[in-house]
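Shown next, in structure tokens, is the structure this report addresses.
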Amino acid sequence: MIADSRASILRTMIDNIPAAVSLFDAEMRLVACNRQLIDLLEFPEAMFVGQMPTLEELARFNALRGEYGPCDVDEMVAAFMARARQRLPHHFKRTRPNGTVLDIRGAPLPDGGFVTFYSDITELTASQQDLERHVEYLRSVVRHLPQGVSVFDEHLRLKYWNQMLLDVLELPAEAVHQDVSFDDLTIFPARRGEYGPGAPEDHVAARRKLALQFQAHRFERTRPGGRTHLVEGRPMRHGENVIGFVTTYTDITDRKQSELALERQNAMLQALVANMPGGVTVFDENLKLALFNAEAKRLLEFPNEYAALQPSFADVIRYNAERGEYGDVDVEKTVAEMVERAHHPVAHHFERTRPDGTTIEVSGAPLPGGGFVTIYLDITQRKLTENELRRRNQVFQTLLDNIPGGVTLFDKEMRLVASNAEYARLLDFPPELFEGEPTLERFFRYNAERGEYGKIDDIDASVAALLARAATQQPHVFERTRPNGTVLEIRGLPLPDGGFVTIYTDITEKHGAAEAIERLAHRDTLTGLANRYNLEARLDHALAEALRHKTQVAVMFLDMDRFKAINDTQGHSVGDGFLIEVAARLTSSVRNCDIVARFGGDEFVVVLTDIADSRHIETVARKIVDAMAAPFNVVGVRIQSSVSVGIVVFPDDARDRHLLLRNADIAMYHAKRSGRGQYQRFDACLSELVLNRTRMEVDLRNALEAGEFILHYQPQIANDGERVVGFEALVRWKKDGGLVPPDQFIPIAEETGLIEALGAWVLEEACNAAVRWQARRGGATRVAVNLSRRQLKDPCIVGLVRKVLGRTGLAPALLELEVTETAAMDNPQIAIENLRALKSLGIGLAIDDFGTGYSSLAYLKLLPIDRLKLDRTFVKDIEDDTNDAVICTATIGLAHNLGLKVVAEGVETAAQLAFLRSLDCDELQGYYFSPPLPESEAREYGMG
Numbered sequence: 001m002i003a004d005s006r007a008s009i010l011r012t013m014i015d016n017i018p019a020a021v022s023l024f025d026a027e028m029r030l031v032a033c034n035r036q037l038i039d040l041l042e043f044p045e046a047m048f049v050g051q052m053p054t055l056e057e058l059a060r061f062n063a064l065r066g067e068y069g070p071c072d073v074d075e076m077v078a079a080f081m082a083r084a085r086q087r088l089p090h091h092f093k094r095t096r097p098n099g100t101v102l103d104i105r106g107a108p109l110p111d112g113g114f115v116t117f118y119s120d121i122t123e124l125t126a127s128q129q130d131l132e133r134h135v136e137y138l139r140s141v142v143r144h145l146p147q148g149v150s151v152f153d154e155h156l157r158l159k160y161w162n163q164m165l166l167d168v169l170e171l172p173a174e175a176v177h178q179d180v181s182f183d184d185l186t187i188f189p190a191r192r193g194e195y196g197p198g199a200p201e202d203h204v205a206a207r208r209k210l211a212l213q214f215q216a217h218r219f220e221r222t223r224p225g226g227r228t229h230l231v232e233g234r235p236m237r238h239g240e241n242v243i244g245f246v247t248t249y250t251d252i253t254d255r256k257q258s259e260l261a262l263e264r265q266n267a268m269l270q271a272l273v274a275n276m277p278g279g280v281t282v283f284d285e286n287l288k289l290a291l292f293n294a295e296a297k298r299l300l301e302f303p304n305e306y307a308a309l310q311p312s313f314a315d316v317i318r319y320n321a322e323r324g325e326y327g328d329v330d331v332e333k334t335v336a337e338m339v340e341r342a343h344h345p346v347a348h349h350f351e352r353t354r355p356d357g358t359t360i361e362v363s364g365a366p367l368p369g370g371g372f373v374t375i376y377l378d379i380t381q382r383k384l385t386e387n388e389l390r391r392r393n394q395v396f397q398t399l400l401d402n403i404p405g406g407v408t409l410f411d412k413e414m415r416l417v418a419s420n421a422e423y424a425r426l427l428d429f430p431p432e433l434f435e436g437e438p439t440l441e442r443f444f445r446y447n448a449e450r451g452e453y454g455k456i457d458d459i460d461a462s463v464a465a466l467l468a469r470a471a472t473q474q475p476h477v478f479e480r481t482r483p484n485g486t487v488l489e490i491r492g493l494p495l496p497d498g499g500f501v502t503i504y505t506d507i508t509e510k511h512g513a514a515e516a517i518e519r520l521a522h523r524d525t526l527t528g529l530a531n532r533y534n535l536e537a538r539l540d541h542a543l544a545e546a547l548r549h550k551t552q553v554a555v556m557f558l559d560m561d562r563f564k565a566i567n568d569t570q571g572h573s574v575g576d577g578f579l580i581e582v583a584a585r586l587t588s589s590v591r592n593c594d595i596v597a598r599f600g601g602d603e604f605v606v607v608l609t610d611i612a613d614s615r616h617i618e619t620v621a622r623k624i625v626d627a628m629a630a631p632f633n634v635v636g637v638r639i640q641s642s643v644s645v646g647i648v649v650f651p652d653d654a655r656d657r658h659l660l661l662r663n664a665d666i667a668m669y670h671a672k673r674s675g676r677g678q679y680q681r682f683d684a685c686l687s688e689l690v691l692n693r694t695r696m697e698v699d700l701r702n703a704l705e706a707g708e709f710i711l712h713y714q715p716q717i718a719n720d721g722e723r724v725v726g727f728e729a730l731v732r733w734k735k736d737g738g739l740v741p742p743d744q745f746i747p748i749a750e751e752t753g754l755i756e757a758l759g760a761w762v763l764e765e766a767c768n769a770a771v772r773w774q775a776r777r778g779g780a781t782r783v784a785v786n787l788s789r790r791q792l793k794d795p796c797i798v799g800l801v802r803k804v805l806g807r808t809g810l811a812p813a814l815l816e817l818e819v820t821e822t823a824a825m826d827n828p829q830i831a832i833e834n835l836r837a838l839k840s841l842g843i844g845l846a847i848d849d850f851g852t853g854y855s856s857l858a859y860l861k862l863l864p865i866d867r868l869k870l871d872r873t874f875v876k877d878i879e880d881d882t883n884d885a886v887i888c889t890a891t892i893g894l895a896h897n898l899g900l901k902v903v904a905e906g907v908e909t910a911a912q913l914a915f916l917r918s919l920d921c922d923e924l925q926g927y928y929f930s931p932p933l934p935e936s937e938a939r940e941y942g943m944g
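Residue numbering for the sequence shown follows this note's numbering, beginning at 1 and increasing consecutively.
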């Protein structure tokens with residue numbers, strides 16, 4: 001019973017083991033097995049009914065069904081049984097033909113039998129193989145990484161690395177192996193001095209201390225050889241425990257060099273953008289302002305603080321629209337339309353005229369990564385030049401069309417540049433002959449083919465001969481009778497640029513046309529003087545003669561001072577009459593052998609030839625200046641003018657016509673800047689003065705941004721000589737530890753347009769000062785601010801003054817704007833309109849420097865002014881000069897009759913004060929009372 005009980009327990013155990021089990025006795029017969037064995041090895045159940053099979057029977061069955069692969073069954077079974085009889089423990093894996101992988105473990109039993117366990121490890125094997133492949137993939141990736149890789153465990157023993165680690169750190173191959181310590185590897189770069197001076201062992205200890213912290217780290221290190229590595233380390237964790245760290249070493253030398261090159265390139269681009277002669281803006285792919293230069297801010301008048309905010313494209317368009325840059329538009333609609341276009345940028349080019357009259361050429365292009373770049377060029381002067389050229393071309397074409405004859409102008413390639421309708425009519429040329437780019441050959445051939453030159457046997461040879469003769473560029477005059485009987489006088493003249501002009505005159509009935517054409521070609525139509533073409537030809541001849549005879553030639557470049565004011569105030573008919581009288585005075589001032597020419601507008605050129613004594617040049621120059629200073633009487637209008645003269649001498653100052661005229665122009669410019677009504681001899685220093693003026697302009701622009709300007713205030717005193725009624729604000733420039741006189745920078749600011757920004761600053765600063773004074777002085781004090789010529793013509797000036805008064809809180813009655821007499825007369829209509837608009841704000845207006853310009857009383861009555869400021873030039877000599885005393889008396893009387901008050905400038909002596917008070921001059925100003933004072937001193941002036 002006990003044996004049966006044990007057998008039952010054994011059977012139950014075998015059946016419940018989670019593996020296939022076989023139990024053989026000492027005779028190699030199967031004693032017991034479980035169901036898993038039969039199913040796993042796919043044995044037929046019949047083999048296990050009745051007497052259990054032997055090991056040999058089972059082995060043969062397997063061999064016959066190919067379980068062990070192709071083999072000799074008997075030999076296989078014999079070998080199998082031989083191994084089994086050894087009764088040795090065994091463990092192996094076998095893959096069945098169906099792909100099942102078996103783990104087979106056998107062990108001998110004490111009674112001579114043995115037991116075997118079969119486990120299905122198919123899935124486990126597959127997983128292990130997948131894992132091994134995955135590990136191999138990872139190892140391959142690490143081996144081929146472009147970075148060096150090291151993996152240390154928590155005891156700082158090397159567990160994994162790749163070849164790149166050895167290459168990057170220059171480690172010897174024999175020193176790198178499994179479980180080598182962190183110290184043993186770190187010692188190599190330490191000994192090479194890669195960690196700096198000091199004992200290598202100290203560096204190793206310091207790095208081991210850092211490594212044991214297992215902190216993530218990232219830094220760049222440049223090795224002695226010049227290579228730069230990016231070192232990145234990360235701790236490895238298993239759960240909450242640190243099990244080591246992995247470090248990568250990336251050679252970033254090339255990248256650093258590229259970054260450095262990119263930085264240098266970027267710096268160059270930044271410098272290029274900053275110094276471009278135009279404005280530049282770049283909007284990025286998000287339409288944010290990413291880049292701009294100072295010229296863009298200046299041209300577009302963007303405040304510094306606004307541009308620094310990197311506004312969006314929409315904000316910039318809105319800012320422009322709100323200040324009227326695009327005219328009277330719906331702001332939000334304009335913003336939406338332009339933003340929509342900006343989202344799909346295309347190359348564009350157009351011109352835009354700003355409200356202040358500046359014309360800007362705008363060129364834009366999309367950027368590859370999104371966004372776009374825009375270039376802004378100030379082409380105001382170019383447009384003026386183009387308009388002038390267009391006007392001259394129109395005048396030229398009108399001249400051609402009104403010449404009583406045909407005219408052609410061919411260039412040096414014998415292409416037709418210009419012609420008039422009379423040319424086509426006189427020669428009966430059809431319109432199609434002028435299409436495309438007509439050439440002289442085309443006209444010659446057409447004439448030859450229609451018999452214009454008589455009967456010709458070889459047309460090609462005749463045309464070639466005509467072209468060869470034309471190529472000689474010889475002046476020619478001849479007459480030709482056309483087949484229709486018309487007699488033409490044909491006159492050809494070569495041009496300096498290689499072209500030539502030909503004039504065709506119908507002399508069949510009008511033989512006097514030649515004289516008219518000659519006059520039009522060589523004489524100024526208004527004055528009768530030599531024209532520019534005539535001047536150049538005769539000057540070249542004079543220079544050649546002077547070179548041959550070793551004499552001198554003087555070239556004088558003359559410009560009539562304030563001619564524009566004469567034209568504007570008296571009309572063009574008076575202006576033309578004035579120029580005719582100027583021409584007559586010039587002609588009478590020189591010899592018959594000298595040349596007098598009208599260069600253009602109010603510019604004239606006088607050439608003194610065959611000069612043996614250089615003193616003759618100055619004598620003639622003084623004679624001309626005196627002649628022009630004498631009053632002119634033109635159709636009953638008295639005109640007082642003057643002339644500025646620039647002088648050059650051949651061969652001392654230049655040796656060709658172009659340089660002579662250029663240098664004479666430079667000398668004239670300096671004569672005009674030096675006070676007008678005088679002459680100036682050219683010398684090399686004048687070129688340096690031009691350069692200095694350019695530097696001054698640059699410094700002036702910088703001064704605006706740097707806040708180098710200050711205001712001084714000169715008191716204005718009532719007639720009693722004691723009571724302060726106001727102050728005049730006068731700008732000063734702090735530069736190089738001193739103060740630059742206004743007469744050195746104000747004209748440059750006026751010419752360059754900087755006066756507008758400077759004037760706006762002066763206006764606001766002076767108003768703020770007046771507000772600050774009210775509390776200290778115990779009452780309201782008037783402040784006078786000078787308004788420039790440009791500001792007076794600016795349509796935005798009224799809005800500017802209104803805004804400044806609003807911001808500062810100054811009462812309008814306490815602000816007085818002063819405009820010079822010359823500025824008011826520059827464009828009287830605009831001046832009247834703007835001054836009336838300013839007057840409507842409630843401010844005071846004054847005419848400054850009265851008596852120095854050419855104002856008309858008719859205009860003066862129309863100006864809404866409150867005061868006349870008597871110029872200091874009339875005040876300084878009133879004690880000794882009767883004329884000045886009379887002028888002062890008349891001016892004050894005139895002003896009072898017009899209901900105006902008078903402020904006398906430049907009062908410096910008690911005698912001047914007494915005389916002016918006797919004339920009831922309302923207010924006085926000058927150094928007799930006080931020089932211009934800083935604000936702090938002006939605030940206390942006259943307070944006792």
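For glycine and all other residues, C-beta sits at the position ideal for the given N, C-alpha and C.
Check	Outcome
Between the CA atoms of L913 and L704 - distance to the nearest angstrom	38 Å
Terminal residues of the beta strand (DSSP E) in which T820 lies	L815 to T820
CB-CB length for L71 against A82, believed under 8 Å	What sits at residue 71 in the sequence shown is Cys, not Leu. C71 to A82, Cβ: 15 Å. No contact.
Alpha-carbon spacing of T186 relative to V204, whole angstroms	6 Å
Identity of the residue in V643, P355, S936 and A784 nearest P795 by Cα	P355
Residue range of the unbroken alpha helix (DSSP H) whose run includes D743	P742 to T752
8 Å Cβ cutoff met for V875 and V907	yes
R228 in three-state terms, based on DSSP	Looking at the sequence provided, one finds Thr at residue 228 rather than Arg. Reduced to three states, the DSSP call for T228 is strand.
For Y533, the first and last residue of its enclosing alpha helix (DSSP H)	R532 to H549
Three-state secondary structure assigned by DSSP to H155	coil
Rounded separation between R807 and G799 - CA only	12 Å
Assigned secondary structure, Y669 (DSSP; H/G/I helix, E/B strand, else coil)	helix
Neighbourhood of I748 by C-beta, 8 Å cutoff - its chain only, sequence neighbours within 5 removed	R693, M696, E697, L700 and L754
Rounded Cβ spacing between V31 and M52 (contact assumed at less than 8 Å)	7 Å
Rounded Cβ spacing between L37 and A59 (contact assumed at less than 8 Å)	With a Cβ gap of about 14 Å, L37 and A59 do not count as contacting.
C-alpha gap between N702 and V762, whole angstroms	16 Å
Reduced DSSP category for C33 - H, G, I as helix; E, B as strand; rest coil	strand
Expected contact under 8 Å - CB spacing of V596 and L539 to nearest Å	That belief does not hold up - the Cβ atoms of V596 and L539 are roughly 12 Å apart, past 8 Å.
Reduced DSSP category for N786 - H, G, I as helix; E, B as strand; rest coil	strand
Cα-Cα separation between H238 and G244, rounded to whole angstroms	9 Å
Cα-Cα separation, V731 to K793	21 Å
Own chain, CB closer than 7 Å to I710, minus 5 neighbours either side, in chain order	R732 and K734
Assumed close pair A211, L156 - CB separation to whole angstroms, cut-off 8 Å	6 Å
Among R789, I379 and V574, the one whose alpha carbon lies nearest that of T822	R789
Three-state secondary structure (DSSP) of G50	coil
Cα-Cα separation, L319 to D743	A small fix is needed here, since residue 319 is Tyr in this sequence, not Leu. Roughly 36 Å separates the two Cα atoms.
Inter-residue Cα distance where the pair is F43 and H90	22 Å
8 Å Cβ cutoff met for A629 and G646	no
Sub-8 Å separation of D568 and M825 beta-carbons	yes
Residue of T398, D328 and G371 minimising C-alpha distance to V346	G371
Same chain, Cβ closer than 7 Å to V771, five either side skipped, listed in chain order	T808, G809 and L810
Beta strand (DSSP E) segment containing N420, residue limits	No beta strand (DSSP E) holds N420; DSSP gives it neither H nor E.
Simplified DSSP state of G601, which is helix, strand or coil	coil
Spatial neighbours of A513 in its chain, beta-carbon cut-off 8 Å, leaving aside the 5 residues before and after	Confidence at A513 is low in this model, with a pLDDT of 44, below 50, so its placement is unreliable and no value can be given for it.
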